[in-house]
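Enquirer:
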Amino acid sequence: MTEMVYGTVKHSSAEPSLSKWLHSIDRWSILCVLTLFGIGLLLGLSSSPPLAEKNEYSPFYYVYKQVVFGSLALSCMFIFSTLSKTSIRRFAVLFFLVTFVALALLPVFGTDFGKGATRWYSFGLGSFQPSEFLKPVFVVLSAWLIAESQKINGPPGNFISFFIAMLITILLVIQPDFGQAMLILFGWSVVYFVGGASIVLLLIIAFATICLGFVMYSISEHFRRRIDGFLSVDIDPTTQIGFVSNAIREGGWFGVGVGKGEVKWSLPDAHTDFIIAVAAEEYGLILVTVIISLYITVTIRSLHRLMNKKDPFARLAGVGLTAMFAMQALINMGVAVRLLPAKGMTLPFISNGGSSLIATGIALGMLLVFTKLEPQGDVRDLLVKRRKGL
Amino acid sequence: MIRVPLRPLAHILAVRSSGGNPDDIEKQNVNQRYITYTDLTQKRAERRLFFVGIMFLISFVLVCARMTVLASSEVSSVLTEVSPSNLISQRSNILDRNGNILATNLPTFALYARPQVMIRPQLAVKKLIKIFPDLNAKKMLTDFTGQKTFLWVKDKLSPEQRQAVHEIGEPGLMYGPREMRLYPNGRFASHVLGGTRFNNQSATNADMVGSAGVEATFNNYLSDRADEGKALQLSLDLSVQAAVENILGGSMNIMRAKGATSIVLDVITGEIITMVSLPDFDPNNRQIEFAGDDANNNPLFNRAVQGVYELGSTYKVFTVAKALDLGLVDPETEIDVFRKTNILGTAVRDDHYKVPKLSVTDILTESSNVGTATLAAKIGKNNQISMLKDLGLFHPTEVELIEANGITPLKPKKWIDSSTVTISYGYGLSMSPLHLAVAYATLINGGYKVIPTILKQDNKDLGRRVISAETSNQLRKILRSVVQRGTATLGNVEGYEVGGKTGTANKQKVGARGYDNDRVVSTFVSFFPVKSPRYVLLVSFDEPSYRGGKEKNERSAGWTAVPVAAEIIKRIAPLLNLRPSSETDQVVQLGR
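Protein chains in written order, with our numbering: chain A, 1 to 390; chain P, 1 to 592.
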């Protein structure tokens, strides 16, 4: 009677949230990411001392830095992975506006750290590269726009997202940062492709990209030197890529031994862009294979889980984030083995980094949300099919 | 394509007739279409996702495969090592005639300082001074604590010194790799070799340039990397050089001479087998601070080629040779020497013999000034000049030593009669010992002009004929008798027939006209073996003074240069592969 009057004790029929999270989330991918981060720390122990010595820090300065930023990144990943798709979407759109403005204002307030490209905002503690944060949120935004465009009376999302992509690309080329520009375009293309792009249009875009490449080649000295270096058959042993090739050769199958590598002394970017060379030299092909397998696992698992998704937005956002994550790893390692022209690109979760690491953590957190297991409206499907069948 | 209308008329009419809302039909149809569309996109997206996944998988596998290929490929040796410097053997070795190393290179380090990164400059200076006492502490301290960003501290470090500097633990002290020139034989042949110094020093490299001797003369050859490793082979014989240097050095001490020089010259090829000038120096450390006022006494000064001296009675041979060559006299011709004290208006005298006549041979054995002057008057000024000129005594020697460049004998500005007279017996013409040795070689080798060289010669053509072979033969006999019974009897070496001529010349007074009786240059030019001469040996002392148990000090060549030369020949003849020959009378004695 009491129950009838006052109602029963509030009791949720659903699982406890942590348990639900644990069951629905892609646990294997999380494990892979944690392993990658651990490998990054291990390699940091090797690659940190030379650079720290040069910059007059304590020998393992870059390892400590990696631990701090890595913890932040992993925290971001876990926090973001607990959000709902809607929250992610809202966050992405808002954060996109912030980062886009930041990117646009770079020529005014940014610094180039003497590297010839204005890509950073410098703060007392560290630096902040807007394009790193822009990438994942842009992909989510694009996915949302394209998914919305497929609804009845939806907005012209394809066009809007393409327009935004071009705007960002232009801003990035101004810096110049062709690597990020390519990644942005690539991310958008994959989203658009999976979102049902016409093949003809994609071919046109590919052709335009190639044309742009040629134009860049003839205009930009920086760009031309990279391409020429890639196309020449002989490797100049004193260039970065020469050191990298040699390190991989030296390492062989089982590596020269922990801490015994030489390449980290020769390369200024051994802890970031060419960390794979340190891995190959000191731990050999074995570790490189492990690293590649981990990236493959994350990529394929994510894509596989997305294939079942009925929600177009989750599908598209997920595939965009996965593609960018995988592409970044591919470009980094492709450069090291000279499959691609030299292009500064960090190896996700392994390379030493500050803001880029956090950005990757956020991206992975969002991806984990989109690859969560969830009800796919199977019952409705069944009903629709039955109705069709009638 | 069959278009299905959203509002099929039949349906609408049916609904209308049943009183329903026909818009629901449209809604229902739109919904139906959307579901079909999402189904389609879902299927398409699945296909495309699969495609994307496959592409990524292929790409990753490609990267992995490429990595495997790279890792399995051979390490190209060129790439493995980035050499800290490329100064391997930048300077060729110098060898003696038998291939012994006279000069080579040794990797070493130069010490430099970067005061801006120094932690405790005062302590560093204090400890550096302990390691290198020759450094100037005060100057170093001002340098280390001043505004300088870079300065050289020390050219070359020995491994022990480097370790010691390491142990200071000062990060502002750094090392630049160097190749240093090493002369493993120390002082031997120091004047011939000369020395090197660093030029264009940088932290990673430095050029070596020769500063004296053959190092300077052949600097381009030695530093030419095109013929890297091709050594420079000198005519010197290290063992002979060492023997001569030791004997000469010892006797110079005994005679308290200011300096000494000795040359061994091949009479056919003109190769210099030995060239000694004392005092000498260590070419490994050429920094010598010489405070004396007479440059001749500087250890760096090469007396054999740089010094010009009036070498006294040794010149008498030239006049005799010309007289013989002209056929005016023969060795037995008697020359009146007793009353002739005034020749061509110049007073000439001898003081050590009292005979009225001397044969031409005896003029040399007794070293008669009067006799030589008489012969000089006989041959005349022009013949004398042409003789001296033919012997190369008016020009620099052509030896390949930078010090010999431009060393021309000093001759009178105007060659008057008295010049003819005094030069015939050794005064008024100053030449380097090498000039003299070369002239003797020319006279006794059969009469062919000799051009001295410091490089090993494999085949050298005989020079221009200066005197006839007959004259040369006569001269050899006469000079042999000088040793047998003349002024150089102490020069007799058992088993080796030695010929030669002494010369004891008074030195000019310092700051006054005329000659000083107490200060002499004693010279002995010898050659051996007499029958077929191979080598000329010149020994000369500057201001020797030798008591040797006698009442008065002996200065004449017969008592100073000659016995030393004999000792040298005794030592070096076997080294030069000369077999001792038994003289005939000894054989007879043994047979008795």
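Even glycine gets a Cβ: it sits at the ideal position worked out from N, Cα and C.
None of the values given here were measured: they were computed from a predicted structure.
Roughly how many whole angstroms lie between the Cα atoms of Val267 (chain P) and Tyr535 (chain P)?
Expert: The straight-line gap from Cα to Cα measures roughly 5 Å.
Enquirer: Just checking: is the beta-carbon of Arg249 (chain A) within a distance shorter than 7 Å of some beta-carbon in chain P?
Expert: Yes, Arg249 (chain A) counts as interfacial toward chain P.
Enquirer: Would you report the Cα separation of Trp395 (chain A) and Ser127 (chain A), rounded to the nearest angstrom?
Expert: Residue numbering for chain A in the displayed model covers 1 to 390; residue 395 (chain A) lies beyond these limits and cannot be assessed.
Enquirer: Please compile the residues from chain A whose C-beta is within a distance smaller than 8 Å of the C-beta of Glu403 (chain P).
Expert: Correct list: empty, because the minimum Cβ distance to chain A is about 45 Å.
Enquirer: So, does the CB of Arg301 (chain A) fall closer than 7 Å to a CB anywhere in chain P?
Expert: Closer than 7 Å: no.
Enquirer: Within a Cβ cutoff of 7 Å, which residues of the same chain sit near Ile210 (chain A), ignoring the five residues on either side of it in sequence?
Expert: So the list is empty, once near-sequence residues are dropped.
Enquirer: Taking 7 Å as the threshold (beta carbon to beta carbon), is Thr68 (chain P) in contact with chain A?
Expert: Yes, contact with chain A.
Enquirer: Once DSSP output is grouped into helix, strand and coil, what is the label at Leu87 (chain P)?
Expert: The predicted position of Leu87 (chain P) is uncertain, since its pLDDT is 44 and thus under 50; a value taken from the coordinates is nonetheless stated next. Coil, per DSSP.
Enquirer: Skipping 5 residues on each side, what residues in its chain have a beta carbon closer than 7 Å to that of Leu13 (chain P)?
Expert: Taken in chain order, the list of residues that qualify is empty.
Enquirer: By how many angstroms is the C-alpha of Ser245 (chain A) removed from the C-alpha of Glu81 (chain P)?
Expert: With a pLDDT of 35 at Glu81 (chain P), under the threshold of 50, the modelled position of that residue is not reliable, and no figure is offered here.
Enquirer: Is DSSP giving Asn105 (chain P) helix, strand or coil here?
Expert: Asn105 (chain P) falls in the strand class under three-state DSSP.
Enquirer: Rounding to the nearest angstrom, what Cα-Cα distance links Asp112 (chain A) and Ile174 (chain A) in this structure?
Expert: Spanning the two alpha carbons is a distance of roughly 13 Å.
Enquirer: Go ahead and pull the three-state DSSP assignment for Ser262 (chain P).
Expert: Correct three-state label for Ser262 (chain P): strand.
Enquirer: Can you grab the Cα-Cα spacing for the pair Pro84 (chain P) / Arg178 (chain P), in whole Å?
Expert: Only weak support is given to the placement of Pro84 (chain P): the predicted model assigns it a pLDDT of 42, under 50, and the question is left unresolved by the model.
Enquirer: State buried or exposed for His23 (chain A), treating a residue as buried only when at least 16 other CB atoms are found within 10 Å of its CB.
Expert: When all chains shown are included, His23 (chain A) counts as exposed.
Enquirer: What residues in its chain sit with their C-beta under 8 Å from that of Thr118 (chain A), if we drop five residues either side in the sequence?
Expert: If we look at Thr118 (chain A) and ignore the five residues flanking it on each side, its Cβ neighbours are Leu106, Pro107, Gly110, Thr111, Asp112, Gln175.
Enquirer: Please list the terminal residues of the continuous alpha helix (DSSP H) segment that includes Tyr183 (chain P).
Expert: Unbroken run through Tyr183 (chain P): none, as it is neither H nor E.
Enquirer: On the DSSP bridge list, what partners appear for Arg465 (chain P)?
Expert: BP columns for Arg465 (chain P) point to P:Tyr448.
Enquirer: Who are the neighbours of Glu46 (chain P) on chain A, taking C-beta pairs under 7 Å?
Expert: Near Glu46 (chain P) (Cβ distances below 7 Å), the residues of chain A are Met307.
Enquirer: Alpha carbon to alpha carbon, how far is Arg519 (chain P) from Ser419 (chain P)?
Expert: C-alpha separation (whole angstroms): 22 Å.
Enquirer: For Arg393 (chain A), count neighbouring C-beta atoms within 10 Å of its own C-beta (all shown protein chains included) and say buried if the count is 16 or more, exposed if not.
Expert: What the structure shows of chain A is the stretch from 1 to 390, and residue 393 (chain A) is not part of that stretch, so it cannot be assessed.
Enquirer: Tell me which residues share the same chain as Glu398 (chain P) and place their Cβ nearer than 6 Å to its Cβ, disregarding the 5 neighbours each side in the sequence.
Expert: The answer, listed in chain order, is Ile451.
Enquirer: According to the neighbour-count rule (16 or more other Cβ atoms, all chains shown, within 10 Å of its Cβ), is Gln122 (chain P) buried or exposed?
Expert: Burial call: exposed.
Enquirer: Go ahead and label Pro563 (chain P) buried or exposed: buried means 16 or more other beta carbons lie within 10 angstroms of its beta carbon, across all protein chains shown.
Expert: Buried: at least 16 other Cβ atoms inside 10 Å.
Enquirer: So which residues on chain P does Ser245 (chain A) lean against when the C-beta distance must stay under 7 Å?
Expert: Chain P residues near Ser245 (chain A): Leu70.
Enquirer: Which residues share a DSSP beta bridge with Ile335 (chain P)?
Expert: Answer by DSSP bridge pairing, in chain order: P:Leu358.
Enquirer: Is it buried or exposed for Phe144 (chain P), if we count other Cβ within 10 angstroms and need 16 for buried?
Expert: The residue in question, Phe144 (chain P), is buried, as its Cβ has 16 or more Cβ neighbours within 10 Å.
Enquirer: Look at the alpha carbon of Ala363 (chain A) and the alpha carbon of Pro136 (chain A), and state the distance between them as a whole number of angstroms.
Expert: Taking the straight line joining both Cα atoms gives about 5 Å.
Enquirer: Tell me, please, whether the stretch 428 to 441 of chain P touches the stretch 367 to 378 of chain P by the rule of three or more beta-carbon pairs shorter than 8 Å.
Expert: Touching, no.
Enquirer: Specify, as a first and last residue, the run of the alpha helix (DSSP H) that Glu279 (chain A) falls within.
Expert: Note that residue 279 (chain A) corresponds to Ala in the displayed sequence, not to Glu. Element bounds for Ala279 (chain A): 275 to 307.
Enquirer: Check the DSSP bridge columns for Ile94 (chain P) and list the partner residues they point to.
Expert: According to DSSP, which records beta bridges pairwise, Ile94 (chain P) is partnered with P:Ala103, P:Leu232.
Enquirer: Can you tell me which of the three DSSP states Phe60 (chain P) falls into?
Expert: Helix, per DSSP.
Enquirer: Under DSSP, the alpha helix (DSSP H) around Val93 (chain A) begins and ends at which residues?
Expert: Segment 85 to 109, the alpha helix (DSSP H) holding Val93 (chain A).
Enquirer: For my contact list, Ile168 (chain A) and Leu145 (chain A) are in at a C-beta cut-off of 8 Å; report their separation, rounded to the angstrom.
Expert: That pair is no contact at about 14 Å.
Enquirer: Out of curiosity, what's the CA-to-CA distance linking Lys148 (chain P) and Pro115 (chain P)?
Expert: Distance between the alpha carbons of Lys148 (chain P) and Pro115 (chain P) is about 7 Å.
Enquirer: Assign Tyr6 (chain A) to one of three DSSP states: helix, strand, or coil.
Expert: Tyr6 (chain A) falls in the helix class under three-state DSSP.
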